[in-house]
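A quick write-up on the structure given underneath.
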Amino acid sequence: MSGPLAGAGVLVTGAGRGIGRALAVRAAAEGARVVVNDLDPALAAEVAEEVGGHPEPGDCATADGARDLVTAATQHLGAVDVVCSNAGVDTGGDLDTPDAVWEQTLEVNVLAHVRLARALVPTWTDPGPAGPPGGRFVVTASAAGLLGMIGNAPYTVTKHAAVAFAEWLSVTYGDRGVAVQAICPQGVRTRMLEEAGKVTALLSHDGALEPEQVAEAWVASLSEGEERFLVLPHPEVADYYSYRAADTDGWLRGMRKLRQRVDDQGGTSIGEAGF
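Numbered per the working numbering, the sequence shown spans residues 38 to 312.
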């Protein structure tokens, strides 16, 4: 089998379900050798068996957990060529969200990426006797990291931070053999979407995708010949992102209008907000 993932050693975090599982399944289908990480040992083992991979359960958000995971994955694979840093949580709400929830969200949605990069990037950029091997760091972020998310401050802030960290990695190491990508979908049919409450309709406005479609968008981005940082399974996000940058005040006015409609009606669509 040929292709950008054929024979590659791929580590996927948060791979027990949802987008993480879909990334693991698709990577294996492309010929990759996959290490499956999840907090839930049973889910990690189940997906690993499905893809012919290796389970490594554990908490990748902690400093020790991330370091131990990379060590174990490297021992199993020989080298980690690609990490899909996918683990994430959708916790929190408004200004009343307790500090402990903010801290947990920051640990999982931001510091897990930082800690995995801290363990992996030096191995990808160390010249060594055969020259630097290079690698690929893929962050599962969210359209919320580009546009914001109504009703959830911790999720919005941490997903913005995840995109910003991925951008920083690309700027700092992109010409040193490290490819960096950020996957930023809107609504995806996962447990997070099911539990989104009154913003479910909003997140699904441009069509809720299956996790497999997100994985397909990522694999397609690897086959385009030109490195692409943003992977946008919902193409409409590019237009929203451009409008937000070109007319930030207009964007914020529209978002306030949308937030009011969500509050009043329990869910609406971006189109109804006049964007």
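Beta carbons are placed, not taken as given, at the ideal position from N, Cα and C, and that holds for glycine.
Rounded distance between the beta-carbons of residue j and residue i, thought under 8 angstroms
{"i": "A103", "j": "L143", "result": "With a Cβ gap of about 14 angstroms, A103 and L143 do not count as contacting."}
{"i": "A180", "j": "C221", "result": "5 angstroms"}
{"i": "G129", "j": "V120", "result": "Not quite, the Cβ-Cβ distance comes to about 26 angstroms (not below 8 angstroms), so this is no contact."}
{"i": "V251", "j": "V225", "result": "6 angstroms"}
Where the alpha helix (DSSP H) containing residue i begins and where it ends
{"i": "F202", "result": "190 to 210"}
{"i": "G57", "result": "55 to 66"}
{"i": "E144", "result": "Run containing E144: none; DSSP gives neither H nor E here."}
{"i": "G182", "result": "181 to 184"}
Residue interval of the beta strand (DSSP E) (run including residue i)
{"i": "I220", "result": "215 to 220"}
{"i": "R70", "result": "70 to 73"}
{"i": "G46", "result": "46 to 49"}
Bridge partners - residue i, DSSP secondary structure assignment
{"i": "F174", "result": "V120, V217"}
{"i": "V225", "result": "L246"}
{"i": "P270", "result": "In DSSP, P270 forms no bridge with anything."}
{"i": "H113", "result": "For H113, which the question treats as bridged, DSSP gives no partner whatsoever."}
{"i": "H91", "result": "V72"}
Same chain, Cβ closer than 7 angstroms to residue i, neighbours up to 5 away in sequence not counted
{"i": "V71", "result": "V47, V49, A61, A64, A65, V88, G90"}
{"i": "A198", "result": "V147"}
{"i": "V107", "result": "V117, L153, A156, L157"}
{"i": "P113", "result": "The residue asked about is misnamed: residue 113 is His in this sequence, not Pro. Cβ neighbours of H113 beyond the five flanking positions: V72, H91."}
Own chain partners of residue i with C-beta closer than 6 angstroms, once the 5 adjacent residues on each side are dropped
{"i": "A100", "result": "R152"}
{"i": "A149", "result": "C97, A98, A124"}
Buried/exposed call for residue i, threshold 16 Cβ in 10 Å
{"i": "D276", "result": "exposed"}
{"i": "S279", "result": "exposed"}
{"i": "E261", "result": "exposed"}
{"i": "L240", "result": "At L240 the pLDDT is 47, less than 50, meaning the model places this residue with poor confidence and gives no usable figure here."}
{"i": "P164", "result": "exposed"}
{"i": "T285", "result": "exposed"}
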